[in-house]
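So the structure is just underneath, and the comments pick up after that.
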Amino acid sequence: DTAVSQTPKYLVTQMGNDKSIKCEQNLGHDTMYWYKQDSKKFLKIMFSYNNKELIINETVPNRFSPKSPDKAHLNLHINSLELGDSAVYFCASSQQGVGELFFGEGSRLTVL
Amino acid sequence: AQSVTQPDIHITVSEGASLELRCNYSYGATPYLFWYVQSPGQGLQLLLKYFSGDTLVQGIKGFEAEFKRSQSSFNLRKPSVHWSDAAEYFCAVGAGVGGADGLTFGKGTHLIIQP
Numbered sequence: 716d717t718a719v720s721q722t723p724k725y726l727v728t729q730m731g732n733d734k735s736i737k738c739e740q741n742l743g744h745d746t747m748y749w750y751k752q753d754s755k756k757f758l759k760i761m762f763s764y765n766n767k768e769l770i771i772n773e774t775v776p777n778r779f780s781p782k783s784p785d786k787a788h789l790n791l792h793i794n795s796l797e798l799g800d801s802a803v804y805f806c807a808s809s810q811q812g813v814g815e816l817f818f819g820e821g822s823r824l825t826v827l
Numbered sequence: 007a008q009s010v011t012q013p014d015i016h017i018t019v020s021e022g023a024s025l026e027l028r029c030n031y032s033y034g035a036t037p038y039l040f041w042y043v044q045s046p047g048q049g050l051q052l053l054l055k056y057f058s059g060d061t062l063v064q065g066i067k068g069f070e071a072e073f074k075r076s077q078s079s080f081n082l083r084k085p086s087v088h089w090s091d092a093a094e095y096f097c098a099v100g101a102g103v104g105g106a107d108g109l110t111f112g113k114g115t116h117l118i119i120q121p
């Protein structure tokens, strides 16, 4: 059973389109995150949710909107995709106060 | 704000040789430190972490790391590398208690293993 699962794993789309990436964790954790990894492998936190409440919202364009329907799910919706949005997006989860992150396998987004 | 520096972008090591990957951090309070490994096309896997106590921590796959507060360092070591250790290695520092406010990652070190 995959602990943190993301779908889709690959996403190729045109500029201007809207797309979503879904994430689910079955670890019973109360905190979930989205990280962006660029072409140089640099990982940067985008958002963090704790029990469905937004905790961290880094400097990310408004085109990116996270949604957490329950504490096991954190989805990422991106409007009006731009070339610079091409990256690998990682979902992760942790138990509050523990800090260790468990990562999904990533979703590679390519914007043409 | 916290930050992490991994000074080596690439490191090449012969199979069977020892390995040390460098990591320096900047954080105003007690640091929560982590090393993760990322194999090609995969997510990140935790190798080890330091929260408090013994400054030499043991991790999975034969890795260890030593926390040196005076040098603001948390270097990763392995006495004998295997070809399967070829991967990207990330050092991270956690904000908040136990790093629960999210991790700040270094830019990674790409490890190449020579036969």
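Keeping their order, the protein sequence lines are chains X and W. Our numbering numbers the first residue of the first sequence as 716 and each following residue consecutively. Our numbering numbers the first residue of the second sequence as 7 and each following residue consecutively. In this text, a Cβ means the ideal position worked out from N, Cα and C, and glycines have one as well.
Fill in: Contacting residues, own chain, Cβ-Cβ under 8 angstroms from Ile118(W) (five flanking each side not counted)
On the second sequence, position 112 is the one that residue 118(W) refers to. Answer for Ile118(W): His16, Ile17, Thr18, Val19, Ala92, listed in chain order.
### Enclosing beta strand (DSSP E) for Val33(W) [first to last residue]
Stepping through the second sequence from its first residue, residue 33(W) is reached at position 27. Per the sequence shown, residue 33(W) should be read as Tyr rather than Val. That residue, Tyr33(W), is in no beta strand (DSSP E); it is neither H nor E in DSSP.
Chain-order list of residues whose beta-carbon lies under 8 angstroms from that of Pro784(X) (same chain, five-residue window excluded): To locate residue 784(X), count along the first sequence from 1; it is residue 69. The beta carbon of Pro784(X) sits closer than 8 angstroms to those of Lys767, Asn790, all from its chain and outside the five residues before and after it, given in chain order.
Let's test the definition: count the other Cβ atoms within 10 Å of the Cβ of Met730(X) and tell me whether it reaches 16, buried, or not, exposed. Residue numbering aside, residue 730(X) sits at position 15 when the first sequence is read from its first letter. So Met730(X) ends up on the exposed side.
Chain X within 9 angstroms of Tyr38(W), Cβ atoms only
On the second sequence, residue 38(W) is found 32 positions in, with the first residue counted as 1. Tyr38(W) counts as touching chain X.
Where the beta strand (DSSP E) containing Asp785(X) begins and where it ends: Stepping through the first sequence from its first residue, residue 785(X) is reached at position 70. Its beta strand (DSSP E) spans residues 779-785.
Secondary structure, beta strand (DSSP E): runs of 3+ residues fully inside the stretch 46-105 of chain W:
The qualifying runs are 50-56, 62-64, 70-74, 79-84, 93-100.
Residue-level contact to chain W via CB, Ser783(X), 9 angstroms cutoff: As a position in the first sequence, residue 783(X) is number 68, starting the count at 1. No, Ser783(X) lies away from the interface with chain W (no Cβ there is under 9 angstroms from its Cβ).
query: Where does Leu827(X) sit, in a helix, a strand or coil, going by DSSP?
result: Indexing the first sequence from 1 puts residue 827(X) at position 112. The three-state reading of DSSP puts Leu827(X) in coil, since its state is none of H, G, I, E or B.
Output needed in chain order: residues of the stretch 46-61 of chain W with a Cβ under 7 angstroms from some Cβ in chain X. Correct list: Gln48, Gly49, Leu50, Leu52, Lys55.
query: Could you give the distance in angstroms between the alpha-carbon of Phe818(X) and the alpha-carbon of Val43(W)?
result: Walking along the first sequence from the start, residue 818(X) turns up at place 103. Walking along the second sequence from the start, residue 43(W) turns up at place 37. Each residue's alpha carbon lies about 11 angstroms from the other.
**Other residues of its chain near Lys84(W): CB distance less than 6 angstroms, five sequence neighbours each side excluded** = In the second sequence, the residue the question calls residue 84(W) occupies position 78. These residues qualify, in order along the chain: Leu25, Gly68, Phe69.
| query | From this set, Pro46(W), Gly114(W), Leu50(W), Pro37(W), which residue's C-alpha is nearest Ser78(W)'s C-alpha? | reply | In the second sequence, the residue the question calls residue 78(W) occupies position 72. Taking only the C-alpha atoms, the option nearest Ser78(W) is Pro37(W).
* Is Glu739(X) near the ligand FAD, with its Cβ less than 8 angstroms from a heavy atom? -> In the structure on display, the ligand FAD does not appear, and there are no ligands present to speak of.
Check your understanding: What residues in its chain sit with their C-beta under 7 angstroms from that of Phe779(X), if we drop five residues either side in the sequence?
Key -> Here residue 779(X) corresponds to residue number 64 of the first sequence, with the count starting at 1. For Phe779(X), where only same-chain residues beyond five positions count, the Cβ hits under 7 angstroms are Met761, Leu791, Ile793.
- Message: Taking 9 angstroms as the threshold (beta carbon to beta carbon), is Val775(X) in contact with chain W?
- Response: Here residue 775(X) is taken as the residue at index 60 of the first sequence, counted from 1. No, no contact with chain W.
(message) By alpha-carbon positions, which one of Asn732(X), Lys737(X), Thr717(X), Asp733(X) ends up nearest to Pro723(X)?
(response) Residue 723(X) sits at position 8 when you count from the first residue of the first sequence. The option with the nearest alpha carbon to Pro723(X) is Lys737(X).
| Mapping DSSP to helix, strand and coil, what is Leu816(X)? | Residue mapping note: residue 816(X) aligns to position 101 of the first sequence, counting from 1. Residue state, collapsed to three classes: coil.
* Asked: Buried or exposed: where does Asn765(X) fall if 16 or more other Cβ atoms within 10 Å of its Cβ makes it buried?
  -> The residue you call residue 765(X) lines up with position 50 of the first sequence. Burial call: buried.
- Query: Where do the N-terminal and C-terminal ends of the beta strand (DSSP E) with Glu768(X) fall, by residue?
  - Reply: The residue given as residue 768(X) occupies position 53 in the first sequence. 768-772 is the span of the beta strand (DSSP E), which, as asked, contains Glu768(X).
Quiz prompt | In DSSP terms, what Gln8(W) is bridged to | solution = Position 2 of the second sequence, counted from the first residue, corresponds to residue 8(W). Gln8(W) pairs with nothing; no bridge assigned.
Q. Using the C-alpha atoms, what's the distance from Asn777(X) back to Lys74(W)?
A. On the second sequence, position 68 is the one that residue 74(W) refers to. On the first sequence, position 62 is the one that residue 777(X) refers to. Near 40 angstroms, if we compare the C-alpha coordinates of Asn777(X) and Lys74(W).
Could you tell me whether any Cβ in chain W is nearer than 9 angstroms to the Cβ of Ser801(X)? Numbered from 1 along the first sequence, position 86 holds the residue referred to as residue 801(X). Contact with chain W is absent for Ser801(X), since none of that chain's Cβ atoms lies less than 9 angstroms from the residue's Cβ.
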